[in-house]
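Chemist: Structure in structure tokens, see below.
Number of protein chains: 2
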Amino acid sequence: MDLLSKRFLHTHMRFANRRLILEKIIESEEISRVELHASTGLTKATVSAIVAELIEDKLVLELGTGNTLRGRKPIRLKFAEHAGIAAGLTIETDEIECVITDLYGKVLISETVEISDFSTKNVLKVIRVRLKELISQCAPVHYSFVGIGCAIPGIVDNKGIIIHAPYIEWQKVDFSNMLSAITGVPVFCDNVANMLAVAEIMHHPEEKAAICLRIRSGIRAGIIINGEIFTGGDGFAGEVGHMPVEANGVLCRCGQYGCWETRASELALMKTLSDSGVTVHKKNDPPIAVTEPVRKIFYDYAGWLASGLISLINMFNPGHITINSPLISRNDIIIRLLNEELQNRLHTQSLSSCRLELSKAPKNASSIGAAIIAADKFISRMSLSRHNHKDA
Amino acid sequence: MDLLSKRFLHTHMRFANRRLILEKIIESEEISRVELHASTGLTKATVSAIVAELIEDKLVLELGTGNTLRGRKPIRLKFAEHAGIAAGLTIETDEIECVITDLYGKVLISETVEISDFSTKNVLKVIRVRLKELISQCAPVHYSFVGIGCAIPGIVDNKGIIIHAPYIEWQKVDFSNMLSAITGVPVFCDNVANMLAVAEIMHHPEEKAAICLRIRSGIRAGIIINGEIFTGGDGFAGEVGHMPVEANGVLCRCGQYGCWETRASELALMKTLSDSGVTVHKKNDPPIAVTEPVRKIFYDYAGWLASGLISLINMFNPGHITINSPLISRNDIIIRLLNEELQNRLHTQSLSSCRLELSKAPKNASSIGAAIIAADKFISRMSLSRHNHKDA
DNA sequence: GCAATTAGTTTAGATTGTAAACTAATTACA
DNA sequence: TGTAATTAGTTTACAATCTAAACTAATTGC
């Protein structure tokens with residue numbers, strides 16, 4: 019919401035109204051100038067002037083006329099989502115996922131590259147080469163390549179510096195600037211859970227508080243407050259896996275005892291299952307057959323899941339919580355048990371106003387979220403200053 | 019940050035710059051027009067014009083000249099904190115605390131009224147009569163009485179409606195509008211912990227995330243994000259007392275087992291102490307003599323306190339946590355044990371960047387916070403539209 | 001008492017928004 | 001077929017607010 023500086027000048031007024039109109043156009047499939055006039059409160063004259071700028075800047079297209087019962091037909095306007103392409107990356111423990119999207123975050127091409135050498139030098143090289151190749155396969159567009167978003171399996175601070183990514187053994191790496199230097203486009207790094215949250219939040223953008231829980235071998239939350247990723251003072255917010263939920267509990271890899279993720283992570287569930295002789299493969303398993311002992315394990319697991327969720331609900335009073343966990347999604351009895359457990363234990367308004375859902379996001383959602391961040395930053399830049407309008 | 023509507027007009031531009039200059043004047047003891055010009059980036063002409071408006075509106079005073087080595091002396095400007103008075107109330111279980119403050123939140127008069135009949139009718143009557151009396155004792159000021167803030171011992175929703183205040187047995191009471199109707203001034207109700215947080219946050223206003231923990235018979239958190247109270251989707255955020263920290267724990271009044279406040283509230287500590295034969299009176303006790311058994315009790319208590327704090331730190335990555343608990347403040351060994359415990363258990367950057375402090379707030383801090391809210395809303399109104407400038 | 005310096009005001013001009021009048025395009029119907 | 005009614009979008013005259021630069025005001029040093 020706050021613009022370049024705190025003070026307001028004419029230019030800021032224009033930028034704010036440009037941004038307002040562009041956002042309206044983006045969030046509605048098609049819209050006419052009169053509708054923009056009605057929904058923004060700006061006069062028809064101002065709307066016409068700003069739309070003319072946006073069309074000149076190739077950010078908006080005229081589609082031809084729409085329908086009314088009587089009178090002159092409106093000209094349908096739409097966002098020129100093909101005016102640029104963005105890249106989204108997810109760095110995993112054994113591979114790098116790349117997607118190229120349009121400015122709406124729609125995937126144009128994707129590719130997953132397996133790598134084993136996670137030195138920054140090699141990662142940078144692989145990304146540069148792969149992106150160049152992928153982009154060359156896309157049709158040329160007016161603004162070409164507008165930026166890269168990068169989902170990192172670790173802790174990223176508010177300046178985009180990767181503080182600690184244990185699996186790939188990075189410490190205090192200013193990856194954003196490195197990658198930006200060799201690609202020539204802006205790069206935005208953030209934690210995987212935060213990028214996932216961005217992709218999820220597209221489904222409920224109006225929420226004051228929404229949480230996306232990413233459950234794998236650990237648990238992390240992407241927290242969205244007033245439509246923006248909440249990162250805390252330094253960028254380390256959302257480390258919910260290490261909430262203590264059990265006194266004298268199991269030793270966690272973080273050194274504490276009784277962390278939530280020692281009980282509620284996929285790793286924890288898989289260990290409990292395999293300890294009781296149920297075999298679970300990591301990926302692409304069918305749902306686990308619900309025998310009585312398995313049901314008991316799921317029931318206990320749902321209880322632990324509930325404990326952390328109750329903390330989250332009490333603390334944030336979120337309108338939505340999305341759970342992103344392939345294992346839970348595959349065994350949907352867990353979410354039913356979880357809902358029962360929450361209903362039994364939590365008797366507050368906060369629970370009734372919180373919709374708990376399994377993620378509907380596609381496989382490469384974190385990369386899509388990353389690309390959306392890159393596209394959004396581009397759109398902000400375009401709103402805040404005009405590109406190259408040679409004439410006039 | 020966002021003003022009346024989303025679109026920007028000339029008036030909005032003016033209001034934004036008015037507000038900017040007024041805030042600068044408020045946060046600096048004294049400031050001249052040139053200094054405002056330098057710190058806001060607005061031209062001297064604009065600063066002069068806006069300052070002239072503010073002076074005409076009695077919100078700013080000229081104090082006479084300041085010092086420079088050479089040249090014309092600047093005219094010192096200051097916020098006219100005496101231009102209006104605000105009231106802050108805290109409704110307790112057996113009394114109502116009233117303070118009257120200037121627009122800086124400085125207490126002019128305060129009074130505590132004991133009452134037993136907590137019917138809304140009686141409470142409204144008592145408040146009306148007492149405020150009238152207190153205000154009559156203050157010198158008349160230009161804007162006279164600008165508003166009331168009200169700290170409530172219970173859950174208040176985002177619209178200011180008191181959903182549930184168990185001690186005084188209120189349910190879904192639109193107290194703000196009722197009190198506003200009989201006093202003729204705007205009323206803002208919020209939870210006690212949130213009002214406390216406002217009073218505390220004055221000490222660190224630049225923090226992206228700060229938490230004020232109010233520990234009494236229960237535990238609640240006032241959460242400040244980007245300088246504003248964070249209330250969640252409906253207004254119920256901050257119910258940290260009911261985070262589960264113990265599996266199969268003690269039954270809580272909320273119906274759950276193992277809530278944080280069953281272990282870390284003052285009530286819990288006092289019960290443990292009295293169960294071991296240590297007598298503790300509720301108020302104005304001297305520090306408890308630290309015998310070996312007492313030390314053990316404090317140590318265990320600090321451990322439980324730490325469990326919830328670790329959740330808060332992991333989740334919010336706050337720059338500050340303030341603990342407001344008379345019992346802990348009186349027995350400062352607890353905070354030392356707590357710090358040790360946190361150092362031993364939590365090995366993250368989030369801990370090192372979080373300053374944990376005991377509240378330094380005065381006894382009636384929640385009422386002061388409430389009055390600050392009322393004064394702040396008045397200042398916003400004054401920034402956003404000009405009062406009665408008959409001439410011109 | 002005059003040059004140098006700093007504070008604050010005045011004035012002319014630019015940008016952007018508004019309101020209201022205008023043009024453009026289309027349907028209904030005589 | 002042509003004209004009134006209707007709706008979409010543009011043009012024009014004007015107002016608000018900011019800026020830059022010239023100006024006035026007040027003070028110190030010599």
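Chains A and B, in that order, are what the protein sequence lines are. All you need for my numbering is the position in the first sequence, starting with 1, plus 18. All you need for my numbering is the position in the second sequence, starting with 1, plus 18. Glycine residues also receive a C-beta, built at the ideal position from the N, C-alpha and C atoms.
Assuming A/T340 is part of the beta strand (DSSP E), what are its boundary residues?
Modeler: Indexing the first sequence from 1 puts residue 340 of chain A at position 322. Per DSSP, A/T340 belongs to the beta strand (DSSP E) from H338 to N342.
Chemist: Identify every residue that forms a DSSP beta bridge with A/S128.
Modeler: Here the question's residue 128 of chain A lines up with position 110 in the first sequence. Per DSSP, A/V117.
Chemist: Pick from B/K76, B/G326, B/L356 and B/N362: whose alpha carbon is nearest that of A/V258?
Modeler: Mapped onto the first sequence, residue 258 of chain A falls at position 240. Among B/K76, B/G326, B/L356 and B/N362, the Cα nearest to that of A/V258 belongs to B/G326.
Chemist: If you drop the 5 nearest sequence neighbours on each side, which residues of the same chain put their C-beta closer than 6 Å to that of B/P336?
Modeler: Working through the second sequence from its first residue, we reach residue 336 of chain B at position 318. Correct list, in chain order: A227, A228, I229 and C372.
Chemist: Looking at A/D208: is its Cβ nearer than 8 Å to the Cβ of B/Q367?
Modeler: By 1-based counting over the first sequence, the position of residue 208 of chain A is 190. By 1-based counting over the second sequence, the position of residue 367 of chain B is 349. Cβ distance not < 8 Å, so A/D208 and B/Q367 don't count as in contact.
Chemist: In the segment 326-346 of chain B, which residues sit with their C-beta less than 7 Å from some C-beta in chain A, listed in chain order?
Modeler: Residues I328, S329, N332, M333, F334, N335, P336 and G337.
Chemist: What number of angstroms, rounded off, separates the C-alpha of B/I233 from the C-alpha of A/Y275?
Modeler: Along the second sequence, read from residue 1 onward, the residue named residue 233 of chain B stands at position 215. Along the first sequence, read from residue 1 onward, the residue named residue 275 of chain A stands at position 257. The alpha-carbon atoms of B/I233 and A/Y275 are separated by roughly 25 Å.
Chemist: Does any CB atom of chain A fall closer than 8 Å to the CB of B/D252?
Modeler: Within the second sequence, numbered from 1, the residue matching residue 252 of chain B stands at position 234. For B/D252, the answer is yes, since a Cβ of chain A falls inside 8 Å of its Cβ.
Chemist: To be precise: take each residue of the segment 202-236 of chain B, compare its Cβ to all Cβ atoms of chain A, and keep it if any distance is under 8 Å. Which residues remain?
Modeler: Result list: E225, K226 and A227.
Chemist: Closer than 9 Å by beta-carbon distance: list the chain A residues that pair up with B/S193, in chain order.
Modeler: Stepping through the second sequence from its first residue, residue 193 of chain B is reached at position 175. The sequence given here places Phe at residue 193 of chain B; Ser does not occur at that position. Within chain A, no residue comes near B/F193; the closest Cβ sits about 17 Å away, beyond 9 Å.
Chemist: Please report whether the beta-carbon of A/L412 lies at a distance below 8 Å from any beta-carbon of chain B.
Modeler: Since the first residue shown for chain A is 19 and the last is 410, residue 412 of chain A is missing from the structure and cannot be characterised.
Chemist: Taking only the alpha-carbon atoms, compute the straight-line gap between B/P380 and B/G167 and give it to the nearest angstrom.
Modeler: For the purposes of this step, residue 380 of chain B is identified with residue 362 of the second sequence, where counting begins at 1. For the purposes of this step, residue 167 of chain B is identified with residue 149 of the second sequence, where counting begins at 1. Their Cα atoms are separated by approximately 17 Å.
Chemist: With a threshold of 8 Å between beta-carbons, can A/E358 be considered close to chain B, or not?
Modeler: On the first sequence, residue 358 of chain A is found 340 positions in, with the first residue counted as 1. Chain B, which has no Cβ nearer than 8 Å to the Cβ of A/E358, makes this no.
Chemist: Look up B/I153 in the DSSP assignment and say whether it is helix, strand or coil.
Modeler: Indexing the second sequence from 1 puts residue 153 of chain B at position 135. If DSSP states are grouped into helix, strand and coil, B/I153 belongs with the helices.
Chemist: Which residue marks the beginning of the alpha helix (DSSP H) containing A/H182, and which one marks its end?
Modeler: As a position in the first sequence, residue 182 of chain A is number 164, starting the count at 1. Taken as a continuous stretch (DSSP letters only), A/H182 belongs to no alpha helix (DSSP H), being part of the beta strand (DSSP E) at I180 to A183.
Chemist: Quick check: the Cα distance between B/I181 and B/L330, rounded to an integer number of angstroms?
Modeler: Here residue 181 of chain B corresponds to residue number 163 of the second sequence, with the count starting at 1. Here residue 330 of chain B corresponds to residue number 312 of the second sequence, with the count starting at 1. C-alpha separation (whole angstroms): 25 Å.
Chemist: If the cut-off is 7 Å on Cβ atoms, which residues from the segment 45-75 of chain B count as contacting chain A, listed in chain order?
Modeler: From the segment 45-75 of chain B, only T58, G59 and L60 have a Cβ closer than 7 Å to chain A.
Chemist: Would a C-beta distance cut-off of 8 Å place A/M261 and A/C277 closer than the cut-off?
Modeler: Numbered from 1 along the first sequence, position 243 holds the residue referred to as residue 261 of chain A. Numbered from 1 along the first sequence, position 259 holds the residue referred to as residue 277 of chain A. Against a cut-off of 8 Å, the Cβ pair of A/C277 and A/M261 comes out as a contact.
Chemist: Between A/S283 and chain B, is the shortest Cβ-Cβ distance under 8 Å, so that the two count as touching?
Modeler: Here the question's residue 283 of chain A lines up with position 265 in the first sequence. For A/S283, the answer is no, since every Cβ of chain B falls outside 8 Å of its Cβ.
Chemist: Taking only three categories from DSSP, how would you classify B/N195?
Modeler: Position 177 of the second sequence holds residue 195 of chain B. Note: B/N195 maps to helix in three-state DSSP.
Chemist: Grab the span of the beta strand (DSSP E) containing B/F206 for me, first residue to last.
Modeler: Start at 1 with the first residue of the second sequence, and residue 206 of chain B comes out as number 188. Segment V205 to N209, the beta strand (DSSP E) holding B/F206.
Chemist: If you check the beta carbons only, do A/A104 and A/A393 fall under 8 Å apart?
Modeler: In the first sequence, residue 104 of chain A corresponds to position 86, counting from 1. In the first sequence, residue 393 of chain A corresponds to position 375, counting from 1. Result yes, Cβ atoms of A/A104 and A/A393 sit closer than 8 Å.
Chemist: Hey, could you find the ends of the alpha helix (DSSP H) B/A379 is sitting in?
Modeler: Here residue 379 of chain B refers to the residue found at position 361 of the second sequence. Careful: B/A379 lies outside any alpha helix (DSSP H) and carries neither H nor E.
Chemist: Based on Cα-Cα distance, which residue from B/R32, B/E53 and B/F33 lies nearest to B/K42?
Modeler: Here the question's residue 42 of chain B lines up with position 24 in the second sequence. The candidate whose alpha carbon is nearest that of B/K42 is B/E53.
Chemist: In chain order, which alpha helix (DSSP H) runs of at least 4 residues are fully inside the segment 36-123 of chain A?
Modeler: Runs of the alpha helix (DSSP H) inside the segment 36-123 of chain A: 51-58 and 62-74.
Chemist: Under the three-state reduction of DSSP, which class applies to A/Q361: helix, strand or coil?
Modeler: By 1-based counting over the first sequence, the position of residue 361 of chain A is 343. Helix.
Chemist: What are the residues that DSSP puts in a beta bridge with B/A228?
Modeler: Position 210 of the second sequence, counted from the first residue, corresponds to residue 228 of chain B. Looking at the DSSP assignment, B/A228 forms a beta bridge with B/I242 and B/H338.
Chemist: Please list the residues of the segment 350-382 of chain A that have a C-beta atom closer than 8 Å to any C-beta atom in chain B, keeping them in chain order.
Modeler: Result list: R363, L364, H365, T366, Q367, S368, S371 and C372.
Chemist: Of the residues B/L269, B/E264, B/I339 and B/A56, which one's Cα is nearest the Cα of B/G321?
Modeler: As a working note, residue 321 of chain B is residue 303 in the second sequence. Of B/L269, B/E264, B/I339 and B/A56, the residue nearest in Cα terms is B/E264.
Chemist: Excluding the 5 residues flanking B/T461 on each side, which residues of the same chain have their C-beta closer than 8 Å to its C-beta?
Modeler: No answer is possible for residue 461 of chain B: it lies beyond the span of chain B, which begins at 19 and ends at 410.
Chemist: On the DSSP bridge assignment, give the partners of A/G167 in chain order.
Modeler: Position 149 of the first sequence, counted from the start, is the residue given in the question as residue 167 of chain A. A/G106 and A/F206.
Chemist: Could you give the distance in angstroms between the alpha-carbon of A/V216 and the alpha-carbon of A/A239?
Modeler: As a first step, residue 216 of chain A is located in the first sequence; it is residue number 198 there, counting from the start. As a first step, residue 239 of chain A is located in the first sequence; it is residue number 221 there, counting from the start. In a straight line, the C-alpha of A/V216 is about 12 Å away from that of A/A239.
Chemist: Straight-line CA distance for A/D303 to A/S292?
Modeler: The residue you call residue 303 of chain A lines up with position 285 of the first sequence. The residue you call residue 292 of chain A lines up with position 274 of the first sequence. The alpha-carbon atoms of A/D303 and A/S292 are separated by roughly 14 Å.
Chemist: Does the Cβ of A/H200 have 16 or more other Cβ atoms within 10 Å, making it buried, or fewer, making it exposed?
Modeler: Position 182 of the first sequence holds residue 200 of chain A. Note on residue identity: the sequence assigns Ile, not His, to residue 200 of chain A. Classification of A/I200: exposed, given that the 10 Å Cβ count is below 16.
Chemist: Please confirm if A/M15 has its CB atom under 8 Å from at least one CB of chain B.
Modeler: Here chain A covers residues 19 to 410 and nothing more, so residue 15 of chain A does not appear.
Chemist: Does the Cβ of A/L197 have 16 or more other Cβ atoms within 10 Å, making it buried, or fewer, making it exposed?
Modeler: For the purposes of this step, residue 197 of chain A is taken as residue 179 along the first sequence, with counting starting at 1. Label assigned to A/L197: buried.
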